[in-house]
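Number of protein chains: 2
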Amino acid sequence: MPTLDQKEHSVSSQPAPPARGFPRAEFVDRFQRAQQFMVEARLDALLVTTPQQIRYFTGFDSQFWESPTRPWYVVLPVSGSGPIAVIPEIGAPGMAVTWVEDIRTWPAPRPDDDGVTLLSETLREVAGSGGRVGAELGRELSLRMPLNDLEAVRARSGVDVVDGTSVVRGCRHVKSELEIDRIRFVCSVASASYAEVPNLYRRGDTERDVVQKYRRDVIARGADTSPYLIGVAGPGGYDNIVMGPTDREIIEGDVLIIDTGTTYDGYFCDFDRNWAFGSPTAEVARAHQVVWDATEAGIAAATPGATVEEVWKAMDLVLTAGGSLGNNVGRLGHGLGLQLTEPPSNMPGDTTVLLPGTVLTIEPGMEFAPGRMMVHEENIVIREDGAELLTVRAPRDLPVIPWN
Amino acid sequence: MPTLDQKEHSVSSQPAPPARGFPRAEFVDRFQRAQQFMVEARLDALLVTTPQQIRYFTGFDSQFWESPTRPWYVVLPVSGSGPIAVIPEIGAPGMAVTWVEDIRTWPAPRPDDDGVTLLSETLREVAGSGGRVGAELGRELSLRMPLNDLEAVRARSGVDVVDGTSVVRGCRHVKSELEIDRIRFVCSVASASYAEVPNLYRRGDTERDVVQKYRRDVIARGADTSPYLIGVAGPGGYDNIVMGPTDREIIEGDVLIIDTGTTYDGYFCDFDRNWAFGSPTAEVARAHQVVWDATEAGIAAATPGATVEEVWKAMDLVLTAGGSLGNNVGRLGHGLGLQLTEPPSNMPGDTTVLLPGTVLTIEPGMEFAPGRMMVHEENIVIREDGAELLTVRAPRDLPVIPWN
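Here you go:
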């Protein structure tokens, strides 16, 4: 069982907030890489409809996605010099400050034709009748547009809308240094707020109280917001990691996990921390050491050329030796970037190869006793010589918030 | 031009936070109304895939939607006593605490078959081969599942997946008193934080500084989070209401708008406030009075039996008389509830009839000079005798943050 000292990792201290936005060259690079993947997939264009894809290719940064009323479209031609935005009029001022030059709008909402004609004409112009247009049809993707409208676009444009997953995944799998800077910054901020939790907690607090104090603290330290912020406590362990917080008061003997996807300039961290309230039992203390050791093993295995299945295997060996009864999460970490979870998945059968610039969560978890889980998580980026830790490494021994 | 005094509205002061969650009877009622709408639409079942629809029909409350990796499904049979959840194993503990009794899981992620077989079998069992299953295919809706998987489910199940929009819209258009309580509470909290903005602001603050102080304040007052929180300032007015905040420092002569969709127990408020930094020009001061007066007119027109087109018309008359050059938003308010924006739209051609229990934003905005907008917004619920204001009504005169 590996028990590397944390000094062996290059631990990041809190860096200054990176300047927001990206230079034009970054978008040109993303666009040109998309064009290469389109050639490989024999596509004439890529159509994207979701906030993260549109932001990735254009830089358009808005919270307006929270309103589902209006569809938004961006078309990337396989030849040509940049994306074409086909968007509601309300979005024109925001899109005008991006690198996108070809912006086409319609007055939305317009129930009879919410962009269907404009998008159909654009796709026909770019791909030609019978041309192949890739779209977000595959795994971990969905289309942000009414499916009725997609059928109308297919009929009116005459183009063949096919799966464009390989282009989206291909582009986003490797992060640029500017993207990594953002993830490192938000990891450092979230790490600092985790370190503050023992000071934020007051006797009598509920799960929700602690989580909301954390939420305010991480904003004060420079994060933008926390779209994902879970807190679950239970006697000697928690039974899940995707629900909560609730109004259950934390009591002596509880183990609390907080897991956060907090963002800066659109980029997520995704990692957790655990605390014992009063001295943990030997079983609980050992469970934390096991998942910590599994994390070490995962980090050590995350080298360029390795598959994520191999990273999973390195962790799984430690968990199994440590008495894991299994877990219901289905994987031990995943990609990370503009979304809380991105491909690949650290699990059996995922043979995605790690490349320099891949950002990954290392997330071993186990049920160590019936109905009681322990999950740990750190964030890394793959470098030529191995993993660089983006989070401030947790201690091997479960942190204790004294009860007396 | 109407200039009603605010005392004519029943202004809500900050109520206590409603208890979270809903009693079983509320879900039974929602389910039975869905069944009635299914009968009208000749559907054998409804399939829902998105967070808000699944929460509405089951009560399942999780932030785990932020991860796009795993699809989730809930099937509502036209006959039968409750929904069927077809979900990843990781979600079982969370779904088990809802009123749903029939929970079917698969070990996800499973790239070869992420619920396709289990969902296909369930749909065939419930609807029969050739049966009609409604899904989220229409306006303001999208499917949260890979489209490739939908095609596989269509082929394997033998059911006909058709448009189920009328069922979803029909159920959610009228809010229960428990839903209204949540919206009223979050409106009151957001109102209190708006009132605090002149105290939160410090000379030298950027748009982002003010917005992030607001974000922390509204959490401290009992809100859960602010998925939508815009701040835009500009000299004598702003040029859009969907971008920002930026790191632009607020200076004398600016008008700042903050617009928030803040939540409590899943329910949104959606309203804005404006401030002048230093004495506003007569033109700016008048623009605020015009949109405030238009809001009065919209609130007065929002009676049971009226259409939202009539509510729009009442506002549009005031804006036109007040010198509006138009606006790019496309409507003057919309529905509100589990989502920041829901149908209907206060706009020409939307003949949706207001019913007691409809919750609406009243949102008149105008470009009052080239490139300079003024937008105002309040939230109301339709009662038998007219509108009940859920927000604390803004003053008619633009609030001024003194510069000297």
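Chains as they are written, first to last, in the working numbering: chain A, 457 to 860; chain B, 457 to 860. Glycine included, C-beta positions come from ideal geometry on N, C-alpha and C.
In angstroms, rounded to a whole number, what distance separates the CA positions of Arg566 (chain A) and Leu606 (chain A)? Translated into the one-based positions of the first sequence, residue 566 (chain A) becomes position 110. Translated into the one-based positions of the first sequence, residue 606 (chain A) becomes position 150. Across the structure, Arg566 (chain A) and Leu606 (chain A) are spaced so that their CA atoms are roughly 16 Å apart.
May I ask you to list, following chain order, the residues of the segment 649-660 of chain A that have a beta carbon less than 8 Å from some beta carbon of chain B? none
So for Asp461 (chain B), helix, strand or coil by DSSP? Within the second sequence, numbered from 1, the residue matching residue 461 (chain B) stands at position 5. Here Asp461 (chain B) scores only 35 on pLDDT, less than 50, and its place in the model should not be relied on; the value that follows carries that caveat. Asp461 (chain B) falls in the coil class under three-state DSSP.
Ser647 (chain B), DSSP secondary structure in three states: Position 191 of the second sequence, counted from the first residue, corresponds to residue 647 (chain B). Helix at Ser647 (chain B).
At 7 Å on the CB atoms, spell out the chain A contacts of Met494 (chain B), in chain order. Position 38 of the second sequence, counting from 1, holds the residue named residue 494 (chain B). Here the premise fails: no neighbours, minimum Cβ distance about 18 Å.
Buried or exposed for Ser535 (chain A), going by 16 or more other Cβ atoms inside 10 Å? To locate residue 535 (chain A), count along the first sequence from 1; it is residue 79. Exposed is the call here.
Between the CA atoms of Thr505 (chain B) and Ser613 (chain A) - distance to the nearest angstrom: In the first sequence, residue 613 (chain A) corresponds to position 157, counting from 1. In the second sequence, residue 505 (chain B) corresponds to position 49, counting from 1. The alpha-carbon atoms of Ser613 (chain A) and Thr505 (chain B) are separated by roughly 28 Å.
Would Ile675 (chain B) count as contacting chain A if we go by Cβ distances under 8 Å? Start at 1 with the first residue of the second sequence, and residue 675 (chain B) comes out as number 219. Judged by the 8 Å Cβ criterion, Ile675 (chain B) is in contact with chain A.
At which residue ranges does the segment 529-598 of chain A contain complete beta strand (DSSP E) runs of 3 or more residues, listed in the order of the chain? 529-533, 540-544, 558-562, 588-591
Identify the contact partners of Val785 (chain B) in chain A, using a Cβ-Cβ distance below 8 Å as the criterion. In the second sequence, residue 785 (chain B) corresponds to position 329, counting from 1. What Val785 (chain B) touches in chain A: Ile546.
Residues of the segment 580-601 of chain A with Cβ closer than 9 Å to any Cβ of chain B, in chain order: Residues of the segment 580-601 of chain A whose Cβ lies closer than 9 Å to any Cβ of chain B, in chain order: Ala591, Glu592, Leu593, Gly594, Arg595, Glu596, Leu597, Ser598, Leu599, Arg600, Met601.
Rounded distance between the beta-carbons of Ala564 (chain B) and Arg600 (chain B), thought under 8 Å: Here residue 600 (chain B) is taken as the residue at index 144 of the second sequence, counted from 1. Here residue 564 (chain B) is taken as the residue at index 108 of the second sequence, counted from 1. Rounded, the Cβ-Cβ distance is 14 Å, inconsistent with contact.
Indicate whether Val764 (chain A) and Thr718 (chain A) have their beta-carbon atoms separated by less than 8 Å. Position 308 of the first sequence, counting from 1, holds the residue named residue 764 (chain A). Position 262 of the first sequence, counting from 1, holds the residue named residue 718 (chain A). It is not a contact, given that the beta carbons lie outside the stated cut-off.
Cβ of Pro736 (chain B) within 8 Å of any chain A Cβ: Mapped onto the second sequence, residue 736 (chain B) falls at position 280. With 8 Å as the cut-off, Pro736 (chain B) does not count as an interface residue toward chain A.
Nearest-angstrom Cβ-Cβ length linking Glu819 (chain B) and Glu833 (chain B), presumed shorter than 8 Å: If you number the second sequence from 1, residue 819 (chain B) lands on position 363. If you number the second sequence from 1, residue 833 (chain B) lands on position 377. Their Cβ separation, rounded to whole angstroms, is 4 Å, which keeps Glu819 (chain B) and Glu833 (chain B) in contact under 8 Å.
Within a Cβ cutoff of 6 Å, which residues of the same chain sit near Asp616 (chain A), ignoring the five residues on either side of it in sequence? Residue mapping note: residue 616 (chain A) aligns to position 160 of the first sequence, counting from 1. Within the same chain, Asp616 (chain A) has close Cβ partners Arg588.
For Asn835 (chain A) and Phe727 (chain A), believed in contact at Cβ under 8 Å, the rounded distance: Locating residue 727 (chain A) in the first sequence gives position 271, where the first residue counts as 1. Locating residue 835 (chain A) in the first sequence gives position 379, where the first residue counts as 1. Yes, they are in contact, since the Cβ atoms of Phe727 (chain A) and Asn835 (chain A) sit about 5 Å apart, within 8 Å.
Considering just the uninterrupted stretch of the beta strand (DSSP E) at Trp731 (chain A), what are its terminal residues? For this step, residue 731 (chain A) is matched to residue 275 along the first sequence. It spans 727-733 - the beta strand (DSSP E) in which Trp731 (chain A) sits, taken as one unbroken run.
Using a Cβ-Cβ cut-off of less than 7 Å, list which residues of the segment 504-529 of chain B approach chain A; keep chain order. Cβ contacts with chain A come from Ser518, Gln519, Phe520, Glu522, Ser523, Pro524, Thr525.
Given 8 Å, three or more beta-carbon pairs between the segment 709-716 of chain B and the segment 680-692 of chain B: yes
Pairwise C-alpha distance: Ser644 (chain A) and Val767 (chain B): One-based indexing of the second sequence puts residue 767 (chain B) at position 311. One-based indexing of the first sequence puts residue 644 (chain A) at position 188. Taking the straight line joining both Cα atoms gives about 49 Å.
Quick one: any contact between the segment 645-664 of chain B and the segment 617-633 of chain A, if contact means 3 or more CB pairs under 8 Å? Note that the segment 645-664 of chain B does not touch the segment 617-633 of chain A; fewer than 3 beta-carbon pairs, one per stretch, sit closer than 8 Å.
What does Leu603 (chain B) touch in chain A if you count any residue whose Cβ is under 7 Å from its own? Position 147 of the second sequence, counting from 1, holds the residue named residue 603 (chain B). By Cβ distance, chain A contributes Leu593, Leu599.
Measuring straight from C-alpha to C-alpha, what distance separates Val774 (chain A) and Gly754 (chain A)? The residue labelled residue 774 (chain A) in the question sits at position 318 within the first sequence. The residue labelled residue 754 (chain A) in the question sits at position 298 within the first sequence. The straight-line gap from Cα to Cα measures roughly 9 Å.
Work out the CA separation of Val698 (chain B) and Ala548 (chain A) for me, nearest whole Å. Here the question's residue 548 (chain A) lines up with position 92 in the first sequence. Here the question's residue 698 (chain B) lines up with position 242 in the second sequence. Approximately 10 Å, taken between the alpha carbons.
Own chain residues within Cβ distance below 8 Å of Lys463 (chain A), not counting five before or after: The count along the first sequence starts at 1 and reaches residue 463 (chain A) at position 7. Its pLDDT being 35, under 50, Lys463 (chain A) is placed unreliably by the model, and the measurement read from it follows with that caveat. Nothing listed; no residue qualifies.
Can you tell me the Cα-Cα spacing of Gly778 (chain A) and Lys769 (chain A), whole angstroms? Mapped onto the first sequence, residue 778 (chain A) falls at position 322. Mapped onto the first sequence, residue 769 (chain A) falls at position 313. One C-alpha to the other measures close to 14 Å.
Please report the residue range of the alpha helix (DSSP H) in which Phe487 (chain A) lies. Translated into the one-based positions of the first sequence, residue 487 (chain A) becomes position 31. Its alpha helix (DSSP H) spans residues 480-496.
Would you please verify whether the beta carbon of Asn412 (chain A) is less than 8 Å from any beta carbon of chain B? Because chain A spans 457 through 860 in this model, residue 412 (chain A) falls outside it and cannot be assessed.
Within 8 Å, do at least three Cβ pairs link the segment 577-592 of chain B to the segment 493-501 of chain B? With the rule of 3 Cβ pairs closer than 8 Å, the segment 493-501 of chain B counts as touching the segment 577-592 of chain B.
How about Gly722 (chain A) and Asp569 (chain A): do their beta carbons lie closer than 8 Å? Reading the first sequence from its first residue, position 266 is the one you call residue 722 (chain A). Reading the first sequence from its first residue, position 113 is the one you call residue 569 (chain A). No, the Cβ-Cβ distance between Gly722 (chain A) and Asp569 (chain A) is not below 8 Å.
So, is the C-beta of Gln488 (chain B) closer than 8 Å to a C-beta in chain A? Against the second sequence, residue 488 (chain B) aligns to sequence position 32. Taking a beta-carbon distance threshold of 8 Å, Gln488 (chain B) does not count as an interface residue toward chain A.
List, in order along the chain, the chain A residues whose C-beta lies closer than 8 Å to that of Thr554 (chain B)? Taking the first residue of the second sequence as position 1, residue 554 (chain B) is located at position 98. What Thr554 (chain B) touches in chain A: nothing, since even the nearest Cβ is about 11 Å away.
Opposite Leu685 (chain A) in the DSSP bridges: which residues? Taking the first sequence and counting its residues from 1, the one referred to as residue 685 (chain A) is at position 229. DSSP lists A:Thr716 as partners of Leu685 (chain A).
If you measure from the beta carbon of Tyr684 (chain B) to each beta carbon in chain C, is any gap under 8 Å? Looking for chain C here will not work: the only protein chains present are A and B.
Is any beta-carbon of chain A found at less than 8 Å from that of Gly717 (chain B)? By one-based count along the second sequence, residue 717 (chain B) stands at place 261. Chain A contact via Cβ: present.
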